[in-house]
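Engineer:
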Amino acid sequence: MTELIRMAGVSKAYGRIQALKDVDFVVNETEIVGLLGDNGAGKSTLIKVLSGAVPATSGEIYVRGKKVSIRSTTDAIANGIETIYQDSALVTQLSIARNLFLGREPVKGPRIFNRLDHAAMEAVTRDLLKRVGISKNIPPSTPIGSLSGGERQAVAIARAMHFESDLIILDEPTNNLGVAETQGVLRFVRNARKSGHSCIFIAHNIHHVFQVVDRIVVMRGGQIVADDINPKQSSVEDVERIITGMSDEELEHALGPNNNH
Amino acid sequence: MPIGLPVENRSLIQRFIAKPEFGPLVLLLAEIAVFWSINPDFLSPLNISNTLSFTVELGLIALAMTLLMTAGEFDLSVGSVFGFAPVLMWTLFNSGITSLEVAFVIALGVAALIGLANGLFVTRIKISSFLVTLGMLLVVRGVALFISDGFPQRTWSAGQHWLAHVLVGDFYIGPFRIYMSLFWFIGFALLLGYVLTQTKAGNWIQATGGNPGAARARGVNVNRTKVLLFMLSSTMASFAGVISSIRTSAANPNSGAGYELEVIAMVVIGGTALMGGRGTIIGTVLGVFILRVMRNGIVLIGVPGLAYNIFIGAIILGMMTLHSVLERRHQAGT
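Next comes the structure, spelled out in structure tokens:
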């Protein structure tokens, strides 16, 4: 597999708190990586560093083997890394088409008039919604505010696909979603891979991660403690043990006698 | 995944009713019908001409305020700038320091700097625009009173100057006396309406007010957008102040007091969201006329002028209720 992103020896300290300790992390092309860890394990910080939301204290980031500097979200986007947060980073008052092209709007006519090319925006939006897997006929002029949570995630994924983001980071994309909507989002993620994109998938619900990823990486205490777990050859319990760092007995005791994992 | 009825499947009438401008339009038509039925002079050429002449001065400020409020900020200093700019211009001209043209450009330039200061305080020092522009309101009004010793500046010397003709020259179309300021208002309404709905800049303004974090993440320069809109708001207030000073033949340092709230009311009644993200220039034009027609109409039908604020308050409450109901219906897709 060809390597897409490599983080080498990345550390991040917030004052005296060491959130990331010398982390090495790799995502390959067209690979979906599940990033798991308990609260405070460091996965959010790792994603923030990669998406340019916070700068690393030390370490290096490579995109296709070339060292890059990511100091802001625009740097990350310019390097093909798109992050989709829980709130999807969409503007609810704007239409789907206007959201998709926000910041990179196509214009037509003389430059001085700065006129939006509505027809082009709507045509591309229709095509993208189809590609991402939304089967219903939702007009591109629909405001984001009237879409469901799952559909908003789909729009955010569609945007990342259109602007040829190589890596799409999904931070808790299935939070607060119903069963059908969650399945929809998982389908959107699979479609993104089919279109040649890589993904980092972060979710508290391990079962969701197991359904969609190629490889699981587990973080604990600001470090990566397992980076090549194959979901087809491991059980949810195995991964939970690695996340918590507990032995079989300790985990069983912590979960209680009636747990039905 | 539940979703409302797709917009394209709605009938033309349903789509028209769902628009934020629908409520204000109905209100304006109802207002005109009521005043006209009580006093037919309400639609006389003289009354229409008089109402239009001062309506557009506040209207110019409201147009710029619409863009600023769509970007999630507002400007309480516009009333003070409206009073200050003509005082500065006429003081420079009357004391022989500059020609009228140069004084005019300086007045607009200083107003733009006031807007720049507002914008920098809001975006760099992160103070809310309410507090920043409240402070600026007092500073600018104080300066206007100080440089004029509290007395109005004479402006009748502008009488035959070409600038006066271009800004507020009047002529008759049939029985209607039309001021040039009406054309400035129409021109800016078309221009800013185009900017807000048809351009890349308009998309950025709406995104800046709707979700600044998301806009920033997409590479939109949120701070620069806000600063430029603060500058536009101040410059437009000074432009309106100069027009008013020439029309009324007086540059009074106290003029424009209280305009800020009336302008914000016009914008909000028109359907622009107070918290930003959604704005409408057509709605603002309707909002401007709703309040000005109300002010004019209640006097014409014999309601004491002092009762004006009761009607304005009631209109704001009524319109907010209507917008809220329509918004919920829109979200529900009905």
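In order, the protein sequence lines correspond to chains B and F. Positions 353 to 613 (our numbering) are the ones given, in order, by the first sequence. Positions 1079 to 1412 (our numbering) are the ones given, in order, by the second sequence. By construction, the Cβ of each residue, glycine as well, lies at the ideal position given by its N, Cα and C atoms.
1. Using the Cα positions of residue 1390/F and residue 1121/F, report the straight-line distance between them to the nearest angstrom.
2. From 1249/F, 1266/F, 1139/F, pick the residue whose C-alpha is nearest to that of residue 1193/F; which is it?
3. Below 8 angstroms on the Cβ atoms is my guess for residue 491/B versus residue 444/B; work out the distance and round it to an integer in Å.
4. Tell me which residues of the segment 1269-1286 of chain F have at least one Cβ-Cβ distance to chain B shorter than 7 angstroms, keeping chain order.
5. Which residues bound the alpha helix (DSSP H) around residue 1215/F?
6. Quick one: any contact between the segment 363-376 of chain B and the segment 413-423 of chain B, if contact means 3 or more CB pairs under 8 angstroms?
7. At which residues does the alpha helix (DSSP H) containing residue 516/B begin and terminate?
8. Determine whether the Cβ of residue 1288/F lies closer than 9 angstroms to any Cβ atom of chain B.
9. Candidates 1373/F, 1159/F, 1317/F: which alpha carbon is nearest residue 1385/F's?
10. Using only CA atoms, which one of 1278/F, 1338/F, 1316/F, 1313/F lies nearest to residue 459/B?
11. Can you tell me whether residue 546/B is buried or exposed? The criterion is at least 16 other CB atoms within 10 Å of its CB, across all chains shown.
12. Where are the alpha helix (DSSP H) runs, 4 residues long or more, that stay fully inside the segment 1093-1129 of chain F, in chain order?
13. Please work out which residues of its chain come closer than 8 angstroms, Cβ to Cβ, to residue 523/B, disregarding the five sequence neighbours upstream and downstream, and give them in chain order.
14. Starting from the N-terminal side, write out each stretch of the alpha helix (DSSP H) that is 4 residues or longer and does not extend beyond the segment 1274-1309 of chain F.
15. Please report the straight-line C-alpha distance between residue 1220/F and residue 1336/F, rounded to a whole angstrom.
16. Have a look at 1295/F, 1248/F, 1280/F, 1366/F and flag the residue whose alpha-carbon is nearest the alpha-carbon of residue 1148/F.
17. Below 7 angstroms on C-beta distance, what does residue 455/B contact in chain F?
18. Could you check whether the segment 1186-1206 of chain F touches the segment 1304-1314 of chain F, counting it as contact only if at least three pairs of C-beta atoms, one from each stretch, sit closer than 8 angstroms?
19. Going by Cα to Cα distance, which pick from 1227/F, 1107/F, 1228/F is closest to residue 1369/F?
20. Please list, in chain order, the residues of the segment 1338-1358 of chain F that have any C-beta partner in chain B closer than 7 angstroms.
21. Any idea if residue 528/B is buried or exposed, counting beta-carbon neighbours within 10 angstroms, 16 or more meaning buried?
22. Look at the Cβ atom of residue 594/B, then the Cβ atom of residue 582/B, and state whether they are nearer than 9 angstroms.
23. Under 9 angstroms between the Cβ atoms of residue 544/B and residue 509/B?
24. Let me see if you follow: with CB-CB separation under 9 angstroms, is residue 459/B close to chain F or not?
25. Whose Cβ in chain F lies nearer than 8 angstroms to the Cβ of residue 443/B?
26. Excluding sequence positions up to five away, which residues of its chain have a Cβ less than 6 angstroms from the Cβ of residue 1211/F?
27. Which ranges would you report for the beta strand (DSSP E) in the segment 538-563 of chain B if only whole runs of at least 3 residues count?
Structural biologist: Taking the geometry as given:
1. 21 angstroms
2. 1139/F
3. That belief does not hold up - the Cβ atoms of residue 491/B and residue 444/B are roughly 16 angstroms apart, past 8 angstroms.
4. 1276, 1277, 1278, 1279, 1281, 1284, 1285
5. 1207-1226
6. no
7. Element bounds for residue 516/B: n/a, residue is neither H nor E.
8. yes
9. 1373/F
10. 1278/F
11. exposed
12. 1100-1116
13. 396, 399, 435, 436, 437, 438, 554
14. 1278-1288, 1290-1295
15. 15 angstroms
16. 1280/F
17. 1296, 1297, 1298
18. yes
19. 1107/F
20. 1355, 1356
21. exposed
22. no
23. yes
24. yes
25. 1284, 1285, 1288, 1289, 1292, 1293, 1355
26. 1153, 1154, 1155, 1196
27. 550-554
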